[in-house]
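**Student:**
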Amino acid sequence: MLLGIISDTHDDLAAINEFFQIFEAKQVDLIIHCGDFVTPETFTYLIDKARVVEIPVKAVVGNNESEEDIREIRLVVESGEYPVDMSHDTYDLTFEVGGLECAICHGHDGILLESLIKSGDYDVIFRGHTHRPLEQKVGETQIINPGSCCSKTLGAPTKDRGIALFDTVTRQVDFISLD
Numbered sequence: 011m012l013l014g015i016i017s018d019t020h021d022d023l024a025a026i027n028e029f030f031q032i033f034e035a036k037q038v039d040l041i042i043h044c045g046d047f048v049t050p051e052t053f054t055y056l057i058d059k060a061r062v063v064e065i066p067v068k069a070v071v072g073n074n075e076s077e078e079d080i081r082e083i084r085l086v087v088e089s090g091e092y093p094v095d096m097s098h099d100t101y102d103l104t105f106e107v108g109g110l111e112c113a114i115c116h117g118h119d120g121i122l123l124e125s126l127i128k129s130g131d132y133d134v135i136f137r138g139h140t141h142r143p144l145e146q147k148v149g150e151t152q153i154i155n156p157g158s159c160c161s162k163t164l165g166a167p168t169k170d171r172g173i174a175l176f177d178t179v180t181r182q183v184d185f186i187s188l189d
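For the sequence shown, our numbering gives the first residue as 11, with consecutive numbering after it.
1. Between the region 145–162 and the region 23–32, do three or more beta carbon pairs fall short of 8 Å?
2. Please state whether the Cβ-Cβ distance between I41 and I80 is less than 8 Å.
3. Using DSSP with H/G/I as helix, E/B as strand and the rest coil, what is N27?
4. Using C-beta distances below 7 Å, list every residue in its chain close to V87, excluding the 5 sequence neighbours before and after it, in chain order.
5. Tell me which same chain residues have a C-beta within less than 8 Å of the C-beta of D102, skipping the five on either side of it?
6. Starting from P156, trace the beta strand (DSSP E) both ways and give me its first and last residue.
7. According to the neighbour-count rule (16 or more other Cβ atoms, all chains shown, within 10 Å of its Cβ), is D46 buried or exposed?
8. With distances taken between CB atoms, is the gap from T178 to G72 smaller than 8 Å?
9. Within this structure, are the beta carbons of L56 and L175 separated by less than 8 Å?
10. Can you grab the Cα-Cα spacing for the pair Q146 / F185, in whole Å?
11. In the DSSP assignment, find the unbroken beta strand (DSSP E) run with I114 in it and report its ends.
12. Between T52 and L23, which are expected to be in contact by the criterion C-beta below 8 Å, what is the C-beta distance as a whole number of angstroms?
13. Only counting the same chain, and skipping five residues up and downstream in sequence, which positions put a Cβ closer than 6 Å to that of T104?
14. At 3 residues or longer, and completely inside the region 44–124: list those beta strand (DSSP E) runs for me, N to C.
15. Starting from D184, follow the beta strand (DSSP E) in both directions and report where the run begins and ends.
16. What is the rounded straight-line gap between the Cα of G120 and the Cα of E82?
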């Protein structure tokens, strides 16, 4: 399976349109969003596009969604109208795909991230938050951060905007620049 990995969209609808073009061209089977949609409207925009192109989404929220935003996002997920999977608490999600045990977390909660890594239960952990692409291995766990796909962070241009593709068979990561 080919996974499209994104994080830190920060309400950048143009970036969402941009990576969907890439994901469609590459025939991505599943989208992983590592958090920081920021508003429920951005979350709904993304998953509505996913529904149209029939690519399921697994996602978590990050540190930029308010508690009210999280409640609204949870209502959208619970409606069952969209091809999206989030855990009840929305901060981490574990699942199996392509024979791999996987986890997603935003990465802003260092204790949560470290506990996922130290558990040794996961083949792959997808994370975001730093806005920098990263692939590393800790023990047998592969950790992947696609970087940020948004064009601006706190009003300043984002450096090294990008997304990632992950092949579950080869476990190869391909970082794709959006600059």
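Don't be surprised by glycine CBs; every beta carbon is placed ideally from N, CA and C. Since the structure is predicted, the reported quantities are computational estimates derived from the model, not experimental observations.
**Tutor:** Short version:
1. Touching, yes.
2. Stepping through the sequence shown from its first residue, residue 41 is reached at position 31. Stepping through the sequence shown from its first residue, residue 80 is reached at position 70. Cβ distance not < 8 Å, so I41 and I80 don't count as in contact.
3. Locating residue 27 in the sequence shown gives position 17, counting from the first residue. N27 falls in the helix class under three-state DSSP.
4. For the purposes of this step, residue 87 is identified with residue 77 of the sequence shown, where counting begins at 1. The answer, listed in chain order, is V94, M96.
5. Stepping through the sequence shown from its first residue, residue 102 is reached at position 92. Annotation for D102: V70, A113, I114, C115, L122, L126 place their beta carbon closer than 8 Å to its own, counting only its chain and skipping 5 residues before and after.
6. Residue mapping note: residue 156 aligns to position 146 of the sequence shown, counting from 1. From DSSP, the beta strand (DSSP E) with P156 extends over 151–156.
7. Locating residue 46 in the sequence shown gives position 36, counting from the first residue. Counting the other CB atoms within 10 Å of its CB gives D46 a total of 16 or more, which places it among the buried residues.
8. Numbered from its first residue, the sequence shown carries residue 178 at position 168. Numbered from its first residue, the sequence shown carries residue 72 at position 62. Here T178 is not near G72, since their CB atoms are 8 Å or more apart.
9. Along the sequence shown, read from residue 1 onward, the residue named residue 56 stands at position 46. Along the sequence shown, read from residue 1 onward, the residue named residue 175 stands at position 165. For L56 and L175, no; Cβs fall outside 8 Å.
10. Numbered from its first residue, the sequence shown carries residue 146 at position 136. Numbered from its first residue, the sequence shown carries residue 185 at position 175. Distance between the alpha carbons of Q146 and F185: 13 Å.
11. Along the sequence shown, read from residue 1 onward, the residue named residue 114 stands at position 104. 110–115 is the extent of the beta strand (DSSP E) around I114.
12. For the purposes of this step, residue 52 is identified with residue 42 of the sequence shown, where counting begins at 1. For the purposes of this step, residue 23 is identified with residue 13 of the sequence shown, where counting begins at 1. Confirmed, about 7 Å.
13. Numbered from its first residue, the sequence shown carries residue 104 at position 94. If the five residues before and after T104 are omitted, its C-beta is found closer than 6 Å to the C-beta atoms of A113, all from its own chain and listed in chain order.
14. Within the region 44–124, the complete beta strand (DSSP E) runs of at least 3 residues are 67–69, 102–107, 110–115.
15. Translated into positions along the sequence shown, residue 184 becomes position 174. Element bounds for D184: 183–187.
16. For the purposes of this step, residue 120 is taken as the residue at position 110 of the sequence shown. For the purposes of this step, residue 82 is taken as the residue at position 72 of the sequence shown. The straight-line gap from Cα to Cα measures roughly 25 Å.
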